[in-house]
Amino acid sequence: MFCFFVSFCAFNFQVNAMTNNDILRRLRFIFDFSDSQMMALFASGGFNASRELVSDWLKSDDKPEFKALHDVHLAIFLNGLINKKRGQREGAQPEPEKKLNNNIIFRKLKIALDYKDEQILETLEVAGFPLSKHELSAFFRKPGHNNYRECQSQVLRNFLKGLQSKLRGTAIDASESSN
20 MFCFFVSFCA
30 FNFQVNAMTN
40 NDILRRLRFI
50 FDFSDSQMMA
60 LFASGGFNAS
70 RELVSDWLKS
80 DDKPEFKALH
90 DVHLAIFLNG
100 LINKKRGQRE
110 GAQPEPEKKL
120 NNNIIFRKLK
130 IALDYKDEQI
140 LETLEVAGFP
150 LSKHELSAFF
160 RKPGHNNYRE
170 CQSQVLRNFL
180 KGLQSKLRGT
190 AIDASESSN
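Just add 19 to wherever you are in the sequence shown, counting from 1, and you've got our numbering.
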């Protein structure tokens, strides 16, 4: 029985995990970026993405033209978002990460938005997903640190929902906030 429960939970986690394409779609909607703006963000991060490629990344998973967005390309996009929102760094641009996790994505969004912990907590609260300051700070620690905690998709998803509500004024369905 326990083995079934563990297998079910592992399967359920995979089903609810956000893909890079999901994150890209949500960010496009939240910030209301056009195709040209999306291409410019990729270019600012160091990759010249064609309109067709960006369009394929934004398509739903069931479309034949859909292309999976690799970690390195999402990292490039997020670096471009940081450049747009905070200004480009002098000197060499940071190398995009080849492997991303939710902690890195969350940190890059925090940097791009220039959010302090209180603003992130408020955004999560808007989505109906309260966290303590200690829980939040654990996501931004180095992986080897004693208090480091892996950021689950649920936290990132709710942060994006809260951000959408704050920036777009879009109402959030109460049933969505804990997913």
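From the three backbone atoms N, C-alpha and C, an ideal C-beta is built for every residue, glycine too.
Thr142 beta carbon less than 7 Å from that of Gly106
Against the sequence shown, residue 106 aligns to sequence position 87. Against the sequence shown, residue 142 aligns to sequence position 123. Taking 7 Å as the Cβ cut-off, Gly106 and Thr142 do not qualify as a contacting pair.
Three-pair Cβ contact test at 8 Å for the segment 109 to 124 versus the segment 88 to 100
yes
Opening and closing residue of the alpha helix (DSSP H) in which Arg70 lies:
Start at 1 with the first residue of the sequence shown, and residue 70 comes out as number 51. Arg70 -> alpha helix (DSSP H) spans 70 to 77.
Tell me which residue opens and which closes the alpha helix (DSSP H) that Ser55 is part of.
To locate residue 55, count along the sequence shown from 1; it is residue 36. Residues 54 to 64.
Does the Cβ-Cβ distance between Ile49 and Leu186 come in under 7 Å?
By one-based count along the sequence shown, residue 49 stands at place 30. By one-based count along the sequence shown, residue 186 stands at place 167. Taking 7 Å as the Cβ cut-off, Ile49 and Leu186 qualify as a contacting pair.
How big is the Cα-Cα spacing for Ile139 and Lys127?
Along the sequence shown, one-based indexing puts residue 139 at 120. Along the sequence shown, one-based indexing puts residue 127 at 108. Going by the C-alpha atoms only, they are around 13 Å apart.
Terminal residues of the alpha helix (DSSP H) in which Leu182 lies
For the purposes of this step, residue 182 is taken as residue 163 along the sequence shown, with counting starting at 1. Run containing Leu182: 172 to 187, per the alpha helix (DSSP H) assignment.
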